[in-house]
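Participant: Take 1 as the starting number for the sequence shown in the UniProt record's numbering and just add one per residue. Using N, Cα and C, we set each Cβ at its ideal position, and we do this for glycine too. Everything numeric in this text was worked out from a predicted model, so none of it was measured. Take a look at this one; I'll ask things after.
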Amino acid sequence: MKTSKMTHKYRKSKIIQYKLLENQKSIKMKTSLMPTQKPKIKTLGLLTLMLFLRMGTTQGSEVESRSVCACFSDGFIRIDCEPDHLILIKRELLGYSKTCPGKCQYKSHGGGCEQEYKKVSWFCEGKQNCFTGVERGTCGSTLTNYLYVEYQCVP
């Protein structure tokens, strides 16, 4: 059990570090020092880089985005990454499409009924593989009938 908790913490910290590095090259942290405090590191970017070097992750490698879309009638989605890669959820939406049931077709141009969804991130992020159900939500007065997830497999 202890090994499982440590592995989960390691995965989550790796995903958080990747997000920080991806979104912000250098972040200045403003610190106010009390007279009895010792000086703190002033850039979160440096701290993040040090953690990545310690874990053996390199900056600058392109990670391609992937996506999966499933109709409510399909029942589930499955996300798989290669060995030594972890799932990083970029975007997840519940929506309504006339092509469901049958074929899930998400189009990023908008115009349809879409709503943000956060359960896939909570359940799948930081894992190598994930299998989760497609739930229904409401979009105005319309019931959603598909789930779209955009993700990356991060080394």
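Taking all protein chains shown into account, do 16 or more other C-beta atoms lie within 10 angstroms of the C-beta of S73, making it buried, or fewer, making it exposed?
Facilitator: Numbered from its first residue, the sequence shown carries residue 73 at position 73. Label assigned to S73: exposed.
Participant: Quick one: which unbroken beta strand (DSSP E) runs of 3-plus residues sit fully inside the segment 87 to 154? Chain order, please.
Facilitator: 113 to 116, 129 to 133, 146 to 154
Participant: Can you name the start and end residues of the beta strand (DSSP E) that residue 198 belongs to?
Facilitator: Because the chain is modelled from 1 through 155, residue 198 falls outside the range shown and cannot be assessed.
Participant: Can you tell me where the beta strand (DSSP E) with S67 in it begins and where it stops?
Facilitator: Reading the sequence shown from its first residue, position 67 is the one you call residue 67. Here the beta strand (DSSP E) through S67 covers 65 to 71.
Participant: Pick from T144, R78, P83: whose alpha carbon is nearest that of E114?
Facilitator: As a working note, residue 114 is residue 114 in the sequence shown. Ranking the options by Cα distance to E114, first place goes to T144.
Participant: Among the residues of its own chain, which have a CB less than 8 Å from the CB of Y106, if the five just before and after it don't count?
Facilitator: For the purposes of this step, residue 106 is taken as the residue at position 106 of the sequence shown. If the five residues before and after Y106 are omitted, its C-beta is found closer than 8 Å to the C-beta atoms of S67, C69, L93, G95, S97, Y146, Y148, all from its own chain and listed in chain order.
Participant: Measuring straight from C-alpha to C-alpha, what distance separates K118 and R136?
Facilitator: Along the sequence shown, one-based indexing puts residue 118 at 118. Along the sequence shown, one-based indexing puts residue 136 at 136. Cα-Cα distance, rounded: 13 Å.
Participant: Taking the beta carbon of E125 as the centre, do at least 16 other beta carbons fall within 10 Å, making it buried, or is it exposed?
Facilitator: The count along the sequence shown starts at 1 and reaches residue 125 at position 125. By the 10 Å Cβ count, E125 comes out buried.
Participant: Please determine, among V134, T138, K127, R91, the residue with the shortest C-alpha to C-alpha distance to E82.
Facilitator: Counting from one through the sequence shown, the residue named residue 82 turns up at place 82. Taking only the C-alpha atoms, the option nearest E82 is K127.
Participant: Closest to F76 by C-alpha separation, out of I89, P155, Q152, V134, would be which residue?
Facilitator: Taking the sequence shown and counting its residues from 1, one reaches residue 76 at position 76. Comparing C-alpha distances from F76 to each of I89, P155, Q152, V134 shows the shortest one belongs to V134.
Participant: Please state whether the Cβ-Cβ distance between V130 and R78 is less than 9 Å.
Facilitator: Counted from its first residue, the sequence shown places residue 130 at position 130. Counted from its first residue, the sequence shown places residue 78 at position 78. First, the amino acid is wrong: residue 130 is Cys here, not Val. For C130 and R78, yes; Cβs fall inside 9 Å.
Participant: In chain order, what residues of the same chain have a beta carbon less than 7 Å from the beta carbon of T142, not counting five sequence neighbours either side?
Facilitator: In the sequence shown, counting from the first residue as 1, residue 142 sits at position 142. These residues qualify, in order along the chain: Y96, C113.
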